[in-house]
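Engineer:
Numbering (our numbering), first residue to last: 114 to 597.
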């Protein structure tokens with residue numbers, strides 16, 4: 114009788130074991146050892162795909178670590194269950210009645226905090242260290258002042274991972290926390306620089322991925338970086354930076370320009386030098402009597418944002434928070450480094466939308482032509498021309514995101530079967546590029562690289578009845594003024 118009672122107790126205990134615990138035992142959702150400690154992910158609706166959300170890749174950049182280079186991960190005890198996104202970077206919330214507020218329908222419940230250095234991973238090969246799958250690191254846009262990697266229109270982890278590509282979203286510091294320069298901060302820095310914290314975060318995430326991705330089944334020597342708008346500018350910045358040397362195997366720049374005039378930034382912004390940024394920011398802080406780092410670090414995000422706005426509106430000058438040429442992280446603009454042939458010798462894909470923030474086709478052509486002269490590695494060009502169904506349906510800046518991530522379920526627009534076909538084709542193109550440096554993969558060649566003999570763009574379009582992905586030597590920019 115006693116033995117029967119013990120057996121029943123054991124059986125009851127086993128029945129109480131959670132499904133996730135059984136996953137650990139079976140190995141379908143293994144515990145991984147990464148920098149900082151042990152983590153376990155969560156199963157997704159797509160069979161075989163495990164997601165890891167809110168994985169720290171650096172220490173929280175708060176208190177005395179505000180306005181410092183990203184520091185190593187703070188270790189934790191036990192097994193961290195990576196089932197929740199980390200906070201988005203501190204920023205001003207979207208106006209829900211604005212153009213993009215209506216388009217993205219970003220949740221008002223997303224926390225915006227200074228403690229924001231986390232990444233999210235989707236993989237079909239968790240714990241399979243010999244699998245060596247290609248890796249794609251996504252960098253969101255938003256003018257270096259807003260946005261986050263897990264916005265609904267960027268919800269593509271399962272689609273990408275189901276095609277054999279490990280998909281990773283990274284978060285980085287924005288605005289005044291991400292790109293504030295000041296002489297006192299440069300004096301404090303071991304490298305004598307300040308600003309560029311946001312792109313340093315991206316470089317730290319890239320390094321973390323390189324050092325830990327084998328645990329997720331990935332290949333540390335096959336990491337593609339890609340981004341849109343300010344994320345595209347960030348891609349170009351990482352390619353131009355000596356800090357990221359040797360870590361990037363392919364790069365996609367979406368709506369970030371191309372080879373620009375001397376002195377222009379990686380995208381459409383004119384880059385500032387460290388000295389210029391320091392002078393501007395010191396003048397603002399002096400205006401408010403903030404002359405020590407202790408005083409500046411005591412200010413909240415809202416206080417800093419209001420100070421910058423008020424200072425600009427009263428004639429003090431507008432504050433620009435974006436990457437600066439500091440002669441440490443950046444020794445020149447992307448265009449300058451490209452002309453000097455000092456960017457990675459890897460496959461590139463550059464493109465934009467037909468109603469973008471400016472006509473980027475000329476700058477993209479120039480970049481492609483330059484790469485043809487300098488390298489045997491291919492470069493691909495595209496123009497996203499689909500005029501979206503529904504009101505205000507141009508191929509506006511950022512409208513391609515729903516397609517690249519197959520995220521129509523997060524939009525109010527009445528997408529058609531043609532849109533569905535176009536999206537699936539684009540996901541194939543992008544993931545093939547991550548795998549092979551070639552959007553065609555191992556199948557039929559429908560997208561040829563840009564060459565002197567065939568200087569053509571892939572035109573990505575669709576209508577209600579058919580898919581239209583065709584090569585053209587004359588991409589048609591249709592104009593547009595949407596801001597992102």
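Here a beta-carbon is modelled for each residue, glycine too, at the ideal position from N, C-alpha and C.
Taking the C-alpha atoms as reference points, what is the distance between residue 149 and residue 189?
Structural biologist: Rounded to whole angstroms, residue 149 to residue 189 spans 6 Å at the Cα level.
Engineer: Could you tell me the boundaries of the alpha helix (DSSP H) in which residue 321 lies?
Structural biologist: Residues 310–325.
Engineer: Quick check on the burial criterion: 16 or more other C-beta atoms within 10 angstroms. Buried or exposed for residue 126?
Structural biologist: Low local confidence applies: a pLDDT of 39 at residue 126 is under 50, so the model's placement there is unreliable, and no value is given.
Engineer: Just mark residue 235 as buried or exposed, buried being the case when its beta carbon has 16 or more other beta carbons within 10 Å.
Structural biologist: Label assigned to residue 235: buried.
Engineer: When the Cα atoms are used, what is the spatial distance from residue 589 to residue 467?
Structural biologist: About 7 Å.
Engineer: In three-state terms, what does DSSP make of residue 581?
Structural biologist: Residue state, collapsed to three classes: strand.
Engineer: Pick out whichever of 507, 217, 288 and 280 has its Cα sitting closest to the Cα of residue 339.
Structural biologist: Looking at the Cα atoms, 280 is the closest of the given residues.
Engineer: Do you know whose CA, among 506, 537, 517 and 510, lies nearest residue 525's CA?
Structural biologist: Looking at the Cα atoms, 506 is the closest of the given residues.
Engineer: Taking the DSSP output, what are the residues bridged to residue 147?
Structural biologist: Answer by DSSP bridge pairing, in chain order: 150.
Engineer: By how many angstroms is the C-alpha of residue 177 removed from the C-alpha of residue 503?
Structural biologist: Each residue's alpha carbon lies about 49 Å from the other.
Engineer: Which runs of the alpha helix (DSSP H) fall wholly inside the region 425–474 and span at least 4 residues, in chain order?
Structural biologist: List check, alpha helix (DSSP H) in window: 447–452.
Engineer: Given residue 545, which residues of its chain have a CB within under 7 Å of its CB, disregarding the five upstream and five downstream residues?
Structural biologist: Hits under 7 Å: 551, 552, 553 and 554.
Engineer: Given that a residue counts as buried once 16 or more other Cβ atoms are within 10 Å of its Cβ, and exposed if not, what is residue 222?
Structural biologist: Burial call: exposed.
Engineer: How many Å lie between residue 581 and residue 290 at the Cα?
Structural biologist: The straight-line gap from Cα to Cα measures roughly 43 Å.
Engineer: Please classify residue 522 as buried or exposed, where buried requires at least 16 other C-beta atoms within 10 Å of its C-beta.
Structural biologist: Burial call: exposed.
Engineer: Hey, residue 207 and residue 198 are a contact pair by Cβ (cut 8 Å); roughly how many whole angstroms apart?
Structural biologist: Rounded, the Cβ-Cβ distance is 17 Å, inconsistent with contact.
Engineer: Near residue 226, which residues of its chain fall below 8 Å by C-beta distance, leaving aside the five closest residues on each side in sequence?
Structural biologist: 200, 201, 202 and 203.
Engineer: Would you identify the three-state DSSP class for residue 588, choosing helix, strand or coil?
Structural biologist: Reduced to three states, the DSSP call for residue 588 is coil.
Engineer: Write down the C-beta distance between residue 408 and residue 296 rounded to the nearest angstrom, noting that I regard them as a contact closer than 8 Å.
Structural biologist: Contact flag wrong, Cβ pair sits at about 14 Å.
Engineer: Just mark residue 253 as buried or exposed, buried being the case when its beta carbon has 16 or more other beta carbons within 10 Å.
Structural biologist: Under this definition residue 253 is a buried residue.
Engineer: In this structure, what does DSSP give as the bridge partners for residue 194?
Structural biologist: Answer by DSSP bridge pairing, in chain order: 153.
Engineer: Taking DSSP's pairing of strands, which residues face residue 411 in a bridge?
Structural biologist: Residue 411 is not bridged to any residue.
Engineer: Check this for me: beta carbons of residue 508 and residue 370, under 8 Å apart or not?
Structural biologist: In this structure, residue 370 does not lie closer than 8 Å to residue 508 by Cβ.
Engineer: Verify whether the separation of the beta carbon atoms of residue 445 and residue 353 is less than 8 Å.
Structural biologist: Yes. Within cutoff.
Engineer: Assuming the contact rule is C-beta atoms closer than 8 Å, residue 282 and residue 335 should be a hit. Round their C-beta distance to whole Å, please.
Structural biologist: Incorrect: roughly 18 Å between the Cβ atoms, too far for contact.
Engineer: To which residues of the same chain is residue 411 closer than 6 Å at the C-beta, ignoring the five residues directly before and after it?
Structural biologist: Nothing meets the Cβ criterion.
Engineer: Looking at C-alpha atoms only, which residue of 462, 240, 484 and 179 is the closest neighbour of residue 571?
Structural biologist: With distances taken between Cα atoms, residue 571 lies closest to 462.
Engineer: On the criterion of 16 or more Cβ atoms from any shown chain inside 10 Å, does residue 431 qualify as buried, or is it exposed?
Structural biologist: So residue 431 ends up on the exposed side.
Engineer: Is the beta carbon of residue 394 sitting closer than 8 Å to the one on residue 293?
Structural biologist: Cβ atoms of residue 394 and residue 293: closer than 8 Å.
Engineer: Pairs of beta-carbons, one from the region 321–337 and one from the region 355–368, closer than 8 Å: are there three or more?
Structural biologist: Taking 8 Å as the limit for Cβ pairs, the verdict is that the region 355–368 does touch the region 321–337.
Engineer: Using 10 angstroms around the beta-carbon of residue 587, count the other beta-carbons present and answer buried if the total reaches 16, otherwise exposed.
Structural biologist: Looking at its Cβ environment, which holds fewer than 16 other Cβ atoms inside 10 Å, residue 587 is exposed.
Engineer: Out of 230, 501, 576 and 415, state which residue places its alpha-carbon closest to the alpha-carbon of residue 312.
Structural biologist: Per the Cα distances, 230.
Engineer: Could you check what DSSP says for residue 497 in three-state terms: helix, strand or coil?
Structural biologist: The answer is strand: DSSP assigns residue 497 an E or B state.
Engineer: State yes or no: is the C-beta of residue 250 within less than 8 Å of the C-beta of residue 163?
Structural biologist: It is not a contact, given that the beta carbons lie outside the stated cut-off.
Engineer: Could you give the DSSP three-state label for residue 279: helix, strand or coil?
Structural biologist: Residue 279: strand per DSSP, three-state reduction.
Engineer: Looking only at its own chain, which residues have a Cβ that is under 7 Å from the Cβ of residue 500, when we skip the five neighbours before and after it?
Structural biologist: Contacts found: 506, 507 and 508.
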